[in-house]
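S.K.: Attaching a single structure in structure tokens format; questions to follow.
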Amino acid sequence: METLGTDLTKQGFSPDLADEPELGQIMISVLSGYGDIKKVWNAANQDEVEDARRSFDHLVKQKKYLAFRVSASGDKTSEQIREFDPTAGKMILIPPVAGG
Amino acid sequence: MPTAAVQQLVPDASPTPTDLDCEVEVTSDGTSETVTIRLTGSDIPVVSASTGGEVYTWAQTQAMKIYQDRVARAWLSTGTSATTIDLSPSWKIGSFTSASKDWLLSDDGCTSAANAAWYSTGWQDCDHAVMRKYGRVRETPEQAVERAAKEELARQAQKLARQAQAIEDAKVKVFTDTAKARARRLLFSMLNPDQQKELDEKNHFHLTVHSRDGSIKVYRIEHGYQGNVKLLGVDGQPVRRYCIHADYRLPYEDQMLAQKMLLEANEPEFLRIANMTQLRAA
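Taken in order, these protein sequences are the chains called B and E.
For the first sequence, the working numbering assigns the number 18 to the initial residue and increments by one for each residue that follows.
For the second sequence, the working numbering assigns the number 23 to the initial residue and increments by one for each residue that follows.
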């Protein structure tokens with residue numbers, strides 16, 4: 018069985034990036050069989066923003082991942098989002114969940 | 023006399039190979055050879071009677087195995103081309119008075135000739151052992167060299183396969199350990215200090231959720247991924263258990279993070295998806 022996230026690693030998602038984005042970066046972190054794998058884009062570059070949006074839409078709208086914007090306030094809470102937010106900084110995506 | 027059942031066969035009296043010996047005589051009429059093997063010095067202790075001549079005791083079966091072994095050894099030592107053999111005077115047990123060489127040495131001889139009782143008590147093993155032991159008697163030196171080379175190659179291949187498997191196992195372990203460590207680090211990064219301490223010390227953490235109806239609920243997320251989310255009552259004891267998880271193989275800490283984020287960000291969605299078990303009255 019292929020490890021969840023293998024297709025994303027082929028698209029540039031990596032487990033080896035820093036945990037937090039630098040200022041001016043968009044980071045999407047996806048829970049996978051590798052642990053979380055991440056990819057960053059330059060928020061000032063429109064082409065990169067669009068690329069990030071495509072990745073987000075592919076996972077959230079097509080693959081039904083759940084997306085959360087991590088609070089920047091440091092209170093360790095998160096907010097669910099359904100649309101790509103280029104100002105979010107870091108977004109965490111989780112695979113679809115089901116009742117056990 | 024009691025009837026012996028296969029299941030009741032017990033090692034009641036085992037004959038020893040030293041009890042047996044064979045006399046081998048090969049005669050030829052110019053066109054074919056006849057081999058006669060006389061079993062001598064044997065007095066196999068038959069400790070239980072057979073039933074209808076079909077079911078043999080463990081001791082009898084052992085005796086048959088030794089007979090077969092001795093006969094095959096004697097036969098092959100003659101180098102004869104004969105393909106059948108007279109057993110004289112006869113097998114001491116059973117009713118055989120002759121046997122074919124193929125039957126003695128073939129893979130399926132014993133199973134086709136023997137009944138279930140023999141099979142279950144190791145006759146086939148004996149047959150294979152005879153093949154292994156005596157099959158090589160007839161090898162030419164070249165065949166022996168070729169066989170030895172093949173066996174060595176097979177040993178090397180097995181060794182390489184074991185090494186490759188060990189490397190693969192080590193890779194999987196590193197991969198799994200790394201994924202778990204990464205998941206734990208991410209979960210910790212999303213917990214406040216109190217929750218981090220709880221997780222470290224108690225392997226669970228509490229989560230306070232401000233529900234949309236204005237109430238405040240306390241959940242406990244325990245280490246795991248299935249049925250590990252508990253709603254606590256005012257006494258701090260679990261009232262309900264929820265089962266919800268990402269439908270993929272993720273490290274437990276990633277599953278716990280998913281539960282936490284969905285619960286605090288969208289409790290109604292969490293409750294809609296999760297399977298709930300009422301543990302006691304609220």
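Glycine residues also receive a C-beta, built at the ideal position from the N, C-alpha and C atoms.
As the structure is a prediction and not an experimental result, all values here were calculated from the model.
For threonine 94 of chain B, which of helix, strand or coil comes out of DSSP?
M.R.: Numbered from its first residue, the first sequence carries residue 94 of chain B at position 77. Coil, per DSSP.
S.K.: Is alanine 296 of chain E close to chain B, meaning its C-beta is less than 8 Å from at least one C-beta of that chain?
M.R.: What you label residue 296 of chain E is simply residue 274 of the second sequence in a count that begins at 1. Cβ-Cβ to chain B under 8 Å: yes for alanine 296 of chain E.
S.K.: Between the segment 174-195 of chain E and chain B, which residues of the former have CB atoms less than 9 Å from a CB of the latter, in chain order?
M.R.: none
S.K.: How about phenylalanine 30 of chain B: is its C-beta nearer than 8 Å to some C-beta of chain E?
M.R.: Along the first sequence, one-based indexing puts residue 30 of chain B at 13. No, because no Cβ of chain E sits closer than 8 Å to the Cβ of phenylalanine 30 of chain B.
S.K.: Where does phenylalanine 85 of chain B fall in DSSP's three states?
M.R.: To locate residue 85 of chain B, count along the first sequence from 1; it is residue 68. Phenylalanine 85 of chain B falls in the strand class under three-state DSSP.
S.K.: Any idea which residues DSSP pairs asparagine 297 of chain E with across the strands?
M.R.: Taking the second sequence and counting its residues from 1, the one referred to as residue 297 of chain E is at position 275. DSSP lists E:Cys265 as the beta-bridge partner residues of asparagine 297 of chain E.
S.K.: Which residues in the same chain as arginine 234 of chain E place their Cβ atom closer than 8 Å to its Cβ, once the five residues preceding and following it in sequence are excluded?
M.R.: Taking the second sequence and counting its residues from 1, the one referred to as residue 234 of chain E is at position 212. Contacts found: Glu289, Pro290.
S.K.: What separation, rounded to the nearest whole angstrom, lies between the Cα atoms of glutamate 39 of chain B and alanine 60 of chain B?
M.R.: Along the first sequence, one-based indexing puts residue 39 of chain B at 22. Along the first sequence, one-based indexing puts residue 60 of chain B at 43. When rounded, the distance between both Cα atoms is 10 Å.
S.K.: Look up proline 260 of chain E in the DSSP assignment and give the residues it is bridged to.
M.R.: As a working mapping, residue 260 of chain E is identified with position 238 in the second sequence. In the DSSP output, where bridge partners are listed per residue, proline 260 of chain E has E:Leu254.
S.K.: Are any of the Cβ atoms in chain B nearer than 8 Å to that of glutamate 244 of chain E?
M.R.: Along the second sequence, one-based indexing puts residue 244 of chain E at 222. Under the Cβ criterion of 8 Å, glutamate 244 of chain E is not counted among the residues facing chain B.
S.K.: Any idea what DSSP makes of aspartate 276 of chain E, helix, strand or coil?
M.R.: Looking up residue 276 of chain E in the second sequence gives position 254. Helix, per DSSP.
S.K.: Compute the distance between the beta-carbons of isoleucine 45 of chain B and serine 72 of chain B, then report whether it is under 8 Å.
M.R.: Indexing the first sequence from 1 puts residue 45 of chain B at position 28. Indexing the first sequence from 1 puts residue 72 of chain B at position 55. With respect to the 8 Å criterion, isoleucine 45 of chain B and serine 72 of chain B are classified as neighbours on the basis of their beta carbons.
S.K.: Please go through the same chain and pick out, in chain order, the residues whose beta-carbon is closer than 8 Å to the beta-carbon of valine 114 of chain B, but skip the five residues on each side of it.
M.R.: By one-based count along the first sequence, residue 114 of chain B stands at place 97. Answer for valine 114 of chain B: Leu83, listed in chain order.
S.K.: Return the residue from the list E:Thr299, E:Ile295, E:Glu286 that minimises the CA-CA distance to leucine 213 of chain E.
M.R.: Here residue 213 of chain E corresponds to residue number 191 of the second sequence, with the count starting at 1. Answer by Cα proximity: E:Glu286.
S.K.: Using a Cβ-Cβ cut-off of 8 Å, state whether arginine 234 of chain E counts as contacting chain B.
M.R.: Here residue 234 of chain E corresponds to residue number 212 of the second sequence, with the count starting at 1. Arginine 234 of chain E has a beta carbon lying at 8 Å or more from every beta carbon in chain B.
S.K.: Measure the beta-carbon distance from aspartate 74 of chain B to phenylalanine 101 of chain B and round it to whole angstroms, keeping in mind my assumption that it falls under 8 Å.
M.R.: Numbered from 1 along the first sequence, position 57 holds the residue referred to as residue 74 of chain B. Numbered from 1 along the first sequence, position 84 holds the residue referred to as residue 101 of chain B. Contact flag correct, Cβ pair sits at about 7 Å.
S.K.: Taking the alpha carbon of glycine 255 of chain E as the point to measure from, which residue in E:Ala303, E:Glu173, E:Ile189 has its own alpha carbon closest?
M.R.: For the purposes of this step, residue 255 of chain E is taken as residue 233 along the second sequence, with counting starting at 1. The shortest C-alpha separation from glycine 255 of chain E is found at E:Ala303.
S.K.: Could you tell me the boundaries of the beta strand (DSSP E) in which glutamine 42 of chain B lies?
M.R.: For the purposes of this step, residue 42 of chain B is taken as residue 25 along the first sequence, with counting starting at 1. Taken as a continuous stretch (DSSP letters only), the beta strand (DSSP E) holding glutamine 42 of chain B covers 42-49.
S.K.: Using Cβ-Cβ distances below 9 Å, what residues of the segment 270-282 of chain E are close to chain B?
M.R.: Tyr270, Arg271, Leu272, Pro273, Glu275, Asp276, Gln277, Leu279, Ala280, Gln281, Lys282
S.K.: Assign glycine 116 of chain B to one of two classes, buried (16 or more other C-beta atoms within 10 Å of its C-beta) or exposed (fewer than that).
M.R.: What you label residue 116 of chain B is simply residue 99 of the first sequence in a count that begins at 1. Its Cβ having fewer than 16 others within 10 Å, glycine 116 of chain B is exposed.
S.K.: Rank E:Lys282, E:Lys195, E:Ala188, E:Val194 by C-alpha distance to the C-alpha of histidine 228 of chain E and give the top, closest one.
M.R.: What you label residue 228 of chain E is simply residue 206 of the second sequence in a count that begins at 1. If we check each option's Cα against that of histidine 228 of chain E, E:Lys282 comes out closest.
S.K.: What separation, rounded to the nearest whole angstrom, lies between the Cα atoms of arginine 70 of chain B and proline 103 of chain B?
M.R.: Position 53 of the first sequence, counting from 1, holds the residue named residue 70 of chain B. Position 86 of the first sequence, counting from 1, holds the residue named residue 103 of chain B. In a straight line, the C-alpha of arginine 70 of chain B is about 8 Å away from that of proline 103 of chain B.
S.K.: Could you pull out every residue in the same chain whose Cβ sits closer than 7 Å to the Cβ of alanine 35 of chain B, ignoring the five residues on either side in sequence?
M.R.: Residue mapping note: residue 35 of chain B aligns to position 18 of the first sequence, counting from 1. Within the same chain, alanine 35 of chain B has no close Cβ partners at all.
S.K.: Quick one: is proline 112 of chain B near chain E, going by C-beta distance under 8 Å?
M.R.: Within the first sequence, residue 112 of chain B is the residue found at index 95, counting from 1. Using beta-carbon distances, proline 112 of chain B counts as an interface residue toward chain E, with a partner under 8 Å.
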